[in-house]
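Asker:
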Amino acid sequence: MTELAPEAVSDSAPFAPLSLQEAKDLIRKQANLIIDEDDPIMLSVILHQGFMADYEKLLNKHKEAVAQFMKHNAASWATEVNESLSALQEESVRASLDNTLAAISQKATENDRLAQRIRSHGRALWLATGLTWLAVIALFFIFQ
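Note that my numbering has the sequence shown beginning at 1, numbered continuously upward.
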């Protein structure tokens, strides 16, 4: 099997089936035979040219259909990806907000407990201060 050169499969080179003259030249070079225009082998070349022209038309239609399919689906896929990304972002923001609100609630509870302790210690401090003054007054009267 013959490998195609990279330039043979590029889109820039237009496809051209083997011409009758090229077919005769190829047969002359490879088989050392000279054939006339009305030789029956030339019918197969003509049929081959027709099949290749039809095949090229079919490939062009297929290429157009694939391009339309990709164009239609690429827009649809892009829309779906954007919607999924938006949903993920909303979920991420919602989860982050929920976590932040939970942390704020926890800090508020801790602050309430701290305020209660400060008030409790304040009462104990007032009591201790009052007792200290009572002791000072009592000692004052005792030592007088």
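We treat Cβ as the ideally placed atom computed from N, Cα and C, and that holds for glycine.
DSSP on S19, reduced to helix/strand/coil?
Answerer: Within the sequence shown, residue 19 is the residue found at index 19, counting from 1. In the structure shown, S19 sits in coil (DSSP, three-state: anything other than H, G, I, E or B).
Asker: Going straight from the alpha carbon of V9 to that of A87, what length do you get?
Answerer: Here the question's residue 9 lines up with position 9 in the sequence shown. Here the question's residue 87 lines up with position 87 in the sequence shown. Its pLDDT being 49, under 50, V9 is placed unreliably by the model, and the measurement read from it follows with that caveat. V9 and A87: Cα-Cα distance of roughly 44 Å.
Asker: How long is the line joining the alpha carbons of E90 and D98, rounded to whole angstroms?
Answerer: Locating residue 90 in the sequence shown gives position 90, counting from the first residue. Locating residue 98 in the sequence shown gives position 98, counting from the first residue. The straight-line gap from Cα to Cα measures roughly 12 Å.
Asker: Per DSSP, what kind of secondary structure is D112 in: helix, strand or coil?
Answerer: Within the sequence shown, residue 112 is the residue found at index 112, counting from 1. It is helical.
Asker: Give me the Cα-Cα distance between S84 and W77, rounded to the nearest whole angstrom.
Answerer: Here residue 84 refers to the residue found at position 84 when the sequence shown is read from its first residue. Here residue 77 refers to the residue found at position 77 when the sequence shown is read from its first residue. Straight-line Cα distance between these residues: approximately 10 Å.
Asker: Can you tell which of I46, Q30 and A31 has the C-alpha that lies nearest to the C-alpha of E37?
Answerer: As a first step, residue 37 must be located in the sequence shown, where it is residue number 37. That would be I46, whose Cα lies nearest to the Cα of E37.
Asker: How should K57 be labelled, buried or exposed, when 16 other C-beta atoms within 10 angstroms of its C-beta is the threshold for buried?
Answerer: Taking the first residue of the sequence shown as position 1, residue 57 is located at position 57. K57 comes out exposed.
Asker: How many Å lie between L114 and A108 at the Cα?
Answerer: In the sequence shown, residue 114 corresponds to position 114, counting from 1. In the sequence shown, residue 108 corresponds to position 108, counting from 1. In a straight line, the C-alpha of L114 is about 10 Å away from that of A108.
Asker: I think H48 touches L18, with their Cβ atoms under 8 Å apart; what is that distance to the nearest whole Å?
Answerer: Locating residue 48 in the sequence shown gives position 48, counting from the first residue. Locating residue 18 in the sequence shown gives position 18, counting from the first residue. That pair is a contact at about 7 Å.
Asker: So, with DSSP's three-state summary, where would you put D98?
Answerer: Looking up residue 98 in the sequence shown gives position 98. Three-state DSSP puts D98 in a helix.
Asker: Just mark K29 as buried or exposed, buried being the case when its beta carbon has 16 or more other beta carbons within 10 Å.
Answerer: Translated into positions along the sequence shown, residue 29 becomes position 29. Looking at its Cβ environment, which holds fewer than 16 other Cβ atoms inside 10 Å, K29 is exposed.
Asker: Answer with buried or exposed for K24, where buried requires no fewer than 16 other C-beta atoms within 10 angstroms of its C-beta.
Answerer: By one-based count along the sequence shown, residue 24 stands at place 24. With 16 or more Cβ atoms within 10 Å of its Cβ, K24 is classed as buried.
Asker: Check whether the Cβ atoms of L20 and M42 lie closer than 9 Å to each other.
Answerer: Mapped onto the sequence shown, residue 20 falls at position 20. Mapped onto the sequence shown, residue 42 falls at position 42. Yes, the Cβ-Cβ distance between L20 and M42 is below 9 Å.
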